[in-house]
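First up is the structure itself, then whatever we jot down about it.
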Amino acid sequence: MLDVARIRADFPILGETVNGRPLVYLDSAATSQKPRQVLQAEYDFLTHANAAVHRGAHTLAAEATDLFEDARATVAGFVGAPAEQLVWTSGATMGLNLLGYAIGNATAGRGGADSASLALRPGDEIVTTAIEHHANLIPWQELAARTGATLRHVPARADGTLDLDAAGDLIGPRTRVVAFTHVSNVLGIVNPVAELVALAAEVGAITVMDACQSAPHLPLDLAALGVDFAVFSGHKMLGPYGVGGLYGRAERLEALPPFLTGGSMITTVTLDSAEYLPPPQRFEAGTQPVGPAIGLAAAVRYLDEVGLDRIHAHEQALAARMRAGLIEIPGIRLLGDADAERVGLWAFDVDGVHAHDAGQFLDDRGIAVRVGHHCAAPLHRQYGITASVRASVALYNTADEVDELVDAVRGIRAYFGVES
Amino acid sequence: MLDVARIRADFPILGETVNGRPLVYLDSAATSQKPRQVLQAEYDFLTHANAAVHRGAHTLAAEATDLFEDARATVAGFVGAPAEQLVWTSGATMGLNLLGYAIGNATAGRGGADSASLALRPGDEIVTTAIEHHANLIPWQELAARTGATLRHVPARADGTLDLDAAGDLIGPRTRVVAFTHVSNVLGIVNPVAELVALAAEVGAITVMDACQSAPHLPLDLAALGVDFAVFSGHKMLGPYGVGGLYGRAERLEALPPFLTGGSMITTVTLDSAEYLPPPQRFEAGTQPVGPAIGLAAAVRYLDEVGLDRIHAHEQALAARMRAGLIEIPGIRLLGDADAERVGLWAFDVDGVHAHDAGQFLDDRGIAVRVGHHCAAPLHRQYGITASVRASVALYNTADEVDELVDAVRGIRAYFGVES
Amino acid sequence: MSELDTLYRELILDHSKHPQHFGLAEAEGAHATSHQKNPVCGDEITLRARVDTDGETIRDVTWEGSGCSISQASASMLSELVEGQTRTEAATLIEGFREALRSRGQIELDEDVYGDAAALTGVSKFSARVKCAMLAWVALEDALARA
Amino acid sequence: MSELDTLYRELILDHSKHPQHFGLAEAEGAHATSHQKNPVCGDEITLRARVDTDGETIRDVTWEGSGCSISQASASMLSELVEGQTRTEAATLIEGFREALRSRGQIELDEDVYGDAAALTGVSKFSARVKCAMLAWVALEDALARA
Ligand SMILES: Cc1ncc(COP(=O)(O)O)c(C=O)c1O
Ligand SMILES: Cc1ncc(COP(=O)(O)O)c(C=O)c1O
Chain A
72 MLDVARIRAD
82 FPILGETVNG
92 RPLVYLDSAA
102 TSQKPRQVLQ
112 AEYDFLTHAN
122 AAVHRGAHTL
132 AAEATDLFED
142 ARATVAGFVG
152 APAEQLVWTS
162 GATMGLNLLG
172 YAIGNATAGR
182 GGADSASLAL
192 RPGDEIVTTA
202 IEHHANLIPW
212 QELAARTGAT
222 LRHVPARADG
232 TLDLDAAGDL
242 IGPRTRVVAF
252 THVSNVLGIV
262 NPVAELVALA
272 AEVGAITVMD
282 ACQSAPHLPL
292 DLAALGVDFA
302 VFSGHKMLGP
312 YGVGGLYGRA
322 ERLEALPPFL
332 TGGSMITTVT
342 LDSAEYLPPP
352 QRFEAGTQPV
362 GPAIGLAAAV
372 RYLDEVGLDR
382 IHAHEQALAA
392 RMRAGLIEIP
402 GIRLLGDADA
412 ERVGLWAFDV
422 DGVHAHDAGQ
432 FLDDRGIAVR
442 VGHHCAAPLH
452 RQYGITASVR
462 ASVALYNTAD
472 EVDELVDAVR
482 GIRAYFGVES
Chain B
72 MLDVARIRAD
82 FPILGETVNG
92 RPLVYLDSAA
102 TSQKPRQVLQ
112 AEYDFLTHAN
122 AAVHRGAHTL
132 AAEATDLFED
142 ARATVAGFVG
152 APAEQLVWTS
162 GATMGLNLLG
172 YAIGNATAGR
182 GGADSASLAL
192 RPGDEIVTTA
202 IEHHANLIPW
212 QELAARTGAT
222 LRHVPARADG
232 TLDLDAAGDL
242 IGPRTRVVAF
252 THVSNVLGIV
262 NPVAELVALA
272 AEVGAITVMD
282 ACQSAPHLPL
292 DLAALGVDFA
302 VFSGHKMLGP
312 YGVGGLYGRA
322 ERLEALPPFL
332 TGGSMITTVT
342 LDSAEYLPPP
352 QRFEAGTQPV
362 GPAIGLAAAV
372 RYLDEVGLDR
382 IHAHEQALAA
392 RMRAGLIEIP
402 GIRLLGDADA
412 ERVGLWAFDV
422 DGVHAHDAGQ
432 FLDDRGIAVR
442 VGHHCAAPLH
452 RQYGITASVR
462 ASVALYNTAD
472 EVDELVDAVR
482 GIRAYFGVES
Chain C
485 MSELDTLYRE
495 LILDHSKHPQ
505 HFGLAEAEGA
515 HATSHQKNPV
525 CGDEITLRAR
535 VDTDGETIRD
545 VTWEGSGCSI
555 SQASASMLSE
565 LVEGQTRTEA
575 ATLIEGFREA
585 LRSRGQIELD
595 EDVYGDAAAL
605 TGVSKFSARV
615 KCAMLAWVAL
625 EDALARA
Chain D
485 MSELDTLYRE
495 LILDHSKHPQ
505 HFGLAEAEGA
515 HATSHQKNPV
525 CGDEITLRAR
535 VDTDGETIRD
545 VTWEGSGCSI
555 SQASASMLSE
565 LVEGQTRTEA
575 ATLIEGFREA
585 LRSRGQIELD
595 EDVYGDAAAL
605 TGVSKFSARV
615 KCAMLAWVAL
625 EDALARA
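Protein chains in written order, with my numbering: chain A, 72 to 491; chain B, 72 to 491; chain C, 485 to 631; chain D, 485 to 631.
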């Protein structure tokens with residue numbers, strides 16, 4: 072069991088009131104709140120050791136470099152990776168774009184000899200899924216458009232689970248990339264990574280996993296999962312804005328041409344050409360988000376101290392309680408109500424009331440949920456709606472908060488005059 | 072005159088000691104220190120109003136969105152631009168890569184009808200200069216390599232000033248992009264922007280200005296300077312890591328195809344294609360560095376309150392004092408010692424002593440300077456060296472600190488046994 | 485009246501449930517149409533109108549769309565309001581409406597001028613909803629610019 | 485001795501001013517060469533060596549390069565040290581050297597084992613300079629791997 076009261080005391084914002092009611096923050100899937108320890112770590116760094124890293128010989132710079140590289144090792148360890156296989160990014164969106172553009176660059180003949188293995192030819196296929204966040208969809212659309220490759224999609228069944236039979240048919244000898252999310256930010260279902268990785272391995276395709284919604288909620292061992300690449304965002308896992316991670320298997324990272332270019336990622340530069348450092352530096356052009364990286368290291372230390380197993384159990388219990396309450400309410404339809412392993416979020420549709428209005432009603436009671444398509448418009452279209460309400464929990468949420476949500480949801484349709 | 076003592080009190084790190092000596096921080100051109108007000112602004116936001124912006128209907132999200140957009144207006148105003156012409160980036164390197172890739176995308180036929188105006192054809196020329204930071208050089212090398220355009224360079228004279236006659240010859244009908252730095256991070260010289268803009272305008276080329284080293288040190292009015300695009304980094308201007316700005320003239324931004332793709336930059340998304348929002352959102356895929364942006368707004372408010380005119384005067388006085396001291400020392404050669412307007416930095420070479428050793432000697436006295444090629448390897452090659460020592464000041468530096476530097480530099484060659 | 489009730493006035497819920505001028509008229513030569521979208525929540529509105537042969541008077545405002553009650557009610561109220569007004573009057577109304585909605589509760593909409601749409605005054609205190617209320621008005625502005 | 489003097493021992497300054505084995509030998513078939521670079525400060529070292537016909541003994545270590553006194557002295561000291569050693573001995577020396585330099589002042593280099601190069605012990609407390617001292621050693625490691 073988690074000592075949630077003690078945890079809450081570390082998150083100053085949870086004491087806020089909204090419209091005169093205590094804040095009930097159920098929007099952690101959009102962005103999590105940050106504990107004191109994270110803010111303090113960044114503050115301490117900026118007031119005691121801040122200096123340009125990897126570039127200076129002075130004491131402060133050496134100290135800053137050590138702290139920055141320690142942060143890399145800490146965050147890498149948290150996701151089951153050696154330090155040198157973790158590239159800092161500004162967030163998951165950036166990490167996925169990095170992959171799309173770097174593969175595009177390989178296709179354009181940039182990079183070293185082994186980069187050719189990543190080049191796409193017209194007719195090659197990129198496979199993603201029907202449930203992706205736009206960040207794991209549009210970069211692949213653009214890569215396909217630039218290279219002449221074809222984009223295909225693993226369909227989702229009505230209950231939100233991926234159709235693995237269809238995936239088996241789709242993934243074939245022309246497949247070069249298989250990009251999928253570990254956990255959908257709308258459905259909360261943990262996808263069958265092992266099966267997808269096996270299908271991709273059979274045809275030698277690169278796997279790219281979006282770990283945004285799993286990293287803060289499940290014990291994560293990327294090396295064991297066997298994916299080639301994975302991305303996550305700091306701000307969703309108790310960390311600061313402006314930092315995220317890209318994990319890559321050593322030989323895949325090594326083969327990848329640079330994406331962003333500039334300072335600190337080169338060995339030799341003349342006016343007309345440049346040679347590039349090995350990973351991870353090759354992908355870290357310019358000044359890195361040093362403060363945010365140090366903050367993120369404090370965040371994963373915090374998560375580790377509480378324990379991901381316990382966090383997962385706590386959040387699953389809250390999700391189960393939420394489901395039990397919501398399915399009793401007339402006119403509420405849960406999206407992705409499958410019998411599957413999941414994280415602590417539910418998106419739902421309120422019959423006869425637009426999600427925006429439902430969200431406003433909840434906000435009036437101090438309850439912060441997300442409304443809209445949650446950057447997964449195609450998935451909402453599949454459910455015949457343009458928007459839904461999503462309530463998502465984190466380690467700092469309580470059963471009482473879940474009950475308050477359920478209670479409030481019960482009042483929505485009456486308020487808007489929709490008969491049940 | 073600046074009340075430097077009062078300013079210093081706002082920067083907690085300036086009270087640190089290094090090797091038992093009070094820290095003399097002369098490396099602000101690499102990264103500046105951050106005042107309490109900036110740290111506090113970010114802290115207040117994260118502990119009172121943090122939520123996902125542009126995406127939620129709940130009160131916290133609305134508050135966060137307002138603060139985030141207010142920050143945009145503040146930072147835009149600081150550089151002389153309307154809010155909607157400022158795109159958030161993770162830093163200057165990212166902003167320059169955004170331009171390189173977006174122009175590449177236009178060349179590949181992406182973007183709207185007016186994007187075609189930005190497309191490059193083989194034989195087209197991109198002009199940059201011999202004094203650029205790698206961040207304003209390698210992205211153009213890569214763009215040239217991907218599109219078949221040719222990269223050319225405005226040479227620098229021995230005193231570090233740009234050779235405008237040569238620029239006049241170089242910039243011609245085939246020139247499509249002219250990219251130059253406002254102030255070199257090695258030479259400190261303010262470049263002739265008006266002349267370069269006029270040369271580019273004559274042939275209809277796009278101008279891209281790197282304002283990294285001017286934004287924190289000079290009053291900046293990008294609209295008045297007439298450049299098409301400009302970039303700067305938050306961490307060099309008293310702001311947090313992980314945020315920067317890209318300014319664009321309205322019609323140029325409008326013509327530019329997207330670079331990073333993902334959430335929050337689209338209107339309609341299907342599984343196979345997407346339509347994009349107008350600027351600035353078109354260029355802001357995924358979660359933005361909200362905390363850092365709010366911190367950066369506090370930083371520019373701080374700079375504005377002190378006054379850029381007064382800051383510039385103070386820093387110029389320190390630079391003049393530094394020059395007067397250094398040129399008296401045998402074996403010291405200043406790079407870019409031209410009779411030109413400049414900011415407060417000097418790079419120099421110590422005859423017979425490697426820059427790394429010189430920097431170590433200064434560090435022993437608590438003086439933090441930068442040593443190396445400062446991400447401008449070609450420029451150092453032109454001076455026949457691979458590395459130099461650079462001392463750079465900011466508003467919080469004092470005349471005493473400059474004197475300490477000069478004093479210490481006087482001892483370098485003797486320590487390393489080099490006769491003068 | 486609770487905060488929430490100042491947003492969801494009875495009149496707004498009425499209009500959203502019984503939208504006026506709903507259902508797009510057949511497009512003829514004289515009609516101008518505008519499609520507007522709020523990308524965050526997927527609200528969409530298509531609005532159509534024509535300007536009379538006098539070159540001034542707005543006629544036959546119809547619309548279609550889906551979205552939250554604020555955006556739907558606003559389209560309904562707007563259509564009633566501007567039917568028969570001149571371009572210039574409509575432009576003034578739109579400007580005034582925009583200003584009031586962006587005023588964060590500082591400016592009230594006058595019922596004598598805005599009719600039922602004055603009930604949207606309360607939206608200005610909910611900055612995340614201003615776009616919803618503006619959607620139809622932006623569509624009309626856009627349509628008139630092309631009519 | 486000041487902190488700085490623990491870094492810049494007399495011996496280091498001597499070697500950097502009078503580098504031993506400096507000047508690359510002509511490359512013959514049996515020679516292996518490695519070029520290493522520290523991208524931050526532009527230090528460069530090219531080191532060449534050959535392994536005797538016994539397949540073990542290191543001979544004719546020469547080098548060339550430019551950089552700070554630490555990197556130059558380290559190359560000079562290393563060349564003296566490994567001349568005539570076996571591959572295995574050199575590998576052990578390199579490993580021990582790397583460990584000591586990364587120890588942040590915890591591990592001392594034994595003068596009986598490392599000769600003049602033991603004077604580089606002080607570098608381990610200056611983490612930004614560890615790369616400088618390692619440069620030649622990495623070059624030797626790389627060259628031997630190909631010899
Ligand atoms: C002139 C100049 N341009 C570009 C950059 C790159 O900025 P950043 O590393 O913040 O992206 C720097 C700083 O390193 C610089 O001084
Ligand atoms: C599943 C998933 N993927 C990608 C993203 C994009 O993350 P970011 O906006 O931090 O780049 C998100 C969050 O919005 C997400 O939930």
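We treat Cβ as the ideally placed atom computed from N, Cα and C, and that holds for glycine.
Grouping DSSP H, G and I as helix and E and B as strand, with all else coil, what is residue 613(C)? One-based indexing of the third sequence puts residue 613(C) at position 129. Here residue 613(C) carries a helix assignment [DSSP, helix/strand/coil].
Would you please state the rounded distance, in angstroms, between the beta carbons of residue 447(A) and residue 203(A)? I believe it to be under 8 Å. The residue you call residue 447(A) lines up with position 376 of the first sequence. The residue you call residue 203(A) lines up with position 132 of the first sequence. Between the beta-carbon of residue 447(A) and that of residue 203(A) there is about 7 Å, and that keeps the pair under the 8 Å contact cut.
Interface residues of the stretch 527-560 of chain D facing chain B [CB-CB below 9 Å]: 527, 528, 550, 551, 552, 553, 554, 555, 556
Taking 8 Å as the cut-off, is the beta-carbon of residue 187(A) closer than that to any non-hydrogen atom of ligand 2? Indexing the first sequence from 1 puts residue 187(A) at position 116. No; taking the cut-off as 8 Å, the Cβ of residue 187(A) has no heavy atom of ligand 2 nearer than that.
Applying the criterion that 16 or more other CB atoms from any shown protein chain within 10 Å of the CB defines a buried residue, is residue 219(A) buried or exposed? By one-based count along the first sequence, residue 219(A) stands at place 148. By the neighbour-count rule (16 or more Cβ atoms within 10 Å), residue 219(A) is not buried but exposed.
Assigned secondary structure, residue 596(D) (DSSP; H/G/I helix, E/B strand, else coil): Here residue 596(D) is taken as the residue at index 112 of the fourth sequence, counted from 1. Helix.
Residues of its chain near residue 533(C), where Cβ-Cβ distance is below 6 Å and the 5 sequence neighbours each way are ignored: Taking the third sequence and counting its residues from 1, the one referred to as residue 533(C) is at position 49. Excluding sequence neighbours, residue 533(C) sits near 542, 545, 627.
How would you write the range of the beta strand (DSSP E) that residue 345(A) sits in, first residue to last? To locate residue 345(A), count along the first sequence from 1; it is residue 274. Run containing residue 345(A): 345-347, per the beta strand (DSSP E) assignment.
Where does the unbroken beta strand (DSSP E) through residue 427(A) begin, and where does it stop? Taking the first residue of the first sequence as 1, we reach residue 427(A) at position 356. No beta strand (DSSP E) holds residue 427(A); the alpha helix (DSSP H) holding it covers 426-435.
With distances taken Cα to Cα, identify the nearest neighbour of residue 145(B) among 382(B), 85(B), 376(B). Locating residue 145(B) in the second sequence gives position 74, counting from the first residue. Closest by alpha carbon: 376(B).
Taking residue 581(C) as the query, report the chain B residues whose CB atoms sit under 7 Å from its CB, ordered along the chain. Here residue 581(C) refers to the residue found at position 97 of the third sequence. Those within 7 Å of residue 581(C) in chain B number zero; the least Cβ separation is about 20 Å.
Name the residue from 407(B), 291(B), 331(B) whose alpha carbon lies nearest to the alpha carbon of residue 378(B). In the second sequence, residue 378(B) corresponds to position 307, counting from 1. Nearest of 407(B), 291(B), 331(B) to residue 378(B), Cα basis: 291(B).
When the Cα atoms are used, what is the spatial distance from residue 181(A) to residue 509(D)? Within the first sequence, the letter at position 110 stands for residue 181(A). Within the fourth sequence, the letter at position 25 stands for residue 509(D). If I take the Cα positions, the gap works out to 36 Å.
Touch test, the stretch 309-325 of chain A against the stretch 188-202 of chain B, Cβ-Cβ under 8 Å, three pairs minimum: no
Mind checking whether the beta-carbon of residue 284(A) lies closer than 8 Å to any heavy atom of ligand 2? For the purposes of this step, residue 284(A) is taken as residue 213 along the first sequence, with counting starting at 1. For ligand 2, at least one heavy atom lies less than 8 Å from the Cβ of residue 284(A).
is_contact[residue 631(D), chain A] using C-beta, thresh 9 Å: Residue mapping note: residue 631(D) aligns to position 147 of the fourth sequence, counting from 1. So no, residue 631(D) is outside the interface.
Measuring alpha carbon to alpha carbon, tell me which of 222(A), 343(A), 416(A) ends up nearest residue 407(A). Numbered from its first residue, the first sequence carries residue 407(A) at position 336. The shortest C-alpha separation from residue 407(A) is found at 416(A).
Measure the CB-CB distance between residue 547(C) and residue 570(C) and report whether it falls below 9 Å. For the purposes of this step, residue 547(C) is taken as the residue at position 63 of the third sequence. For the purposes of this step, residue 570(C) is taken as the residue at position 86 of the third sequence. No; because the gap between Cβ atoms is not below 9 Å, this pair is not in contact.
Quick one, which of 595(D), 566(D), 491(D) has its alpha-carbon nearest residue 552(D)'s? Position 68 of the fourth sequence, counted from the start, is the residue given in the question as residue 552(D). Residue 552(D) has its Cα closest to that of 491(D), out of 595(D), 566(D), 491(D).
Any beta carbon of chain D sitting closer than 9 Å to that of residue 432(B)? For this step, residue 432(B) is matched to residue 361 along the second sequence. So yes, residue 432(B) belongs to the interface.
Quick one: which chain C residues come within Cβ less than 9 Å of residue 457(A)? Taking the first residue of the first sequence as 1, we reach residue 457(A) at position 386. Neighbours of residue 457(A) on chain C, chain order: 525, 526, 527, 528, 550, 551.
Contact test: residue 35(A) Cβ vs ligand 2 heavy atom, cutoff 8 Å: No information on residue 35(A) is available, as it lies outside the stretch 72 to 491 that chain A covers here.
Please report the straight-line C-alpha distance between residue 592(C) and residue 499(C), rounded to a whole angstrom. Working through the third sequence from its first residue, we reach residue 592(C) at position 108. Working through the third sequence from its first residue, we reach residue 499(C) at position 15. Those two C-alpha atoms are separated by around 20 Å.
Closer than 8 Å: residue 252(A) CB and nearest ligand 2 heavy atom: Against the first sequence, residue 252(A) aligns to sequence position 181. Yes, the Cβ of residue 252(A) comes within 8 Å of a heavy atom of ligand 2.
When every heavy atom of ligand 1 is checked, does at least one fall within less than 8 Å of the C-beta of residue 446(B)? Position 375 of the second sequence, counted from the start, is the residue given in the question as residue 446(B). Within the cutoff, so yes.
Would you mind sorting residue 588(D) into buried or exposed? The rule is 16 or more other CB atoms within 10 Å of its CB. For this step, residue 588(D) is matched to residue 104 along the fourth sequence. Classification for residue 588(D): exposed.
So what does DSSP say about residue 260(A), is it helix, strand or coil? Translated into positions along the first sequence, residue 260(A) becomes position 189. The three-state reading of DSSP puts residue 260(A) in strand, counting E and B together.
Inter-residue CB distance, residue 79(B) and residue 85(B) (contact presumed, cutoff 8 Å): Mapped onto the second sequence, residue 79(B) falls at position 8. Mapped onto the second sequence, residue 85(B) falls at position 14. Taking C-beta atoms under 8 Å as the contact rule, residue 79(B) and residue 85(B) qualify, at a distance of about 5 Å.
Range of the contiguous beta strand (DSSP E) that encloses residue 462(B): Counted from its first residue, the second sequence places residue 462(B) at position 391. Start and end: 459-463.
Whole angstroms is fine: what's the gap from residue 433(B)'s alpha carbon to residue 381(B)'s? Taking the first residue of the second sequence as 1, we reach residue 433(B) at position 362. Taking the first residue of the second sequence as 1, we reach residue 381(B) at position 310. Residue 433(B) and residue 381(B): Cα-Cα distance of roughly 29 Å.
What is the DSSP secondary structure of residue 554(D), counted as helix, strand or coil? Position 70 of the fourth sequence, counting from 1, holds the residue named residue 554(D). Note: residue 554(D) maps to helix in three-state DSSP.
Do residue 333(B) and residue 277(A) count as a contact pair if the criterion is CB distance below 9 Å? On the first sequence, residue 277(A) is found 206 positions in, with the first residue counted as 1. On the second sequence, residue 333(B) is found 262 positions in, with the first residue counted as 1. Not a contact, by the Cβ cut-off of 9 Å.
Let me see if you follow: with CB-CB separation under 9 Å, is residue 492(D) close to chain B or not? For this step, residue 492(D) is matched to residue 8 along the fourth sequence. For residue 492(D), a Cβ of chain B is located within less than 9 Å of the residue's own Cβ.
Interface residues of the stretch 77-110 of chain B facing chain D [CB-CB below 7 Å]: 90
Looking at chain B, is there any beta carbon in it that lies within less than 9 Å of the beta carbon of residue 285(A)? Looking up residue 285(A) in the first sequence gives position 214. No, residue 285(A) lies away from the interface with chain B (no Cβ there is under 9 Å from its Cβ).
Can you tell which of 522(C), 502(C), 610(C) has the C-alpha that lies nearest to the C-alpha of residue 584(C)? One-based indexing of the third sequence puts residue 584(C) at position 100. The shortest CA-to-CA distance from residue 584(C) to any of 522(C), 502(C), 610(C) is the one to 610(C).
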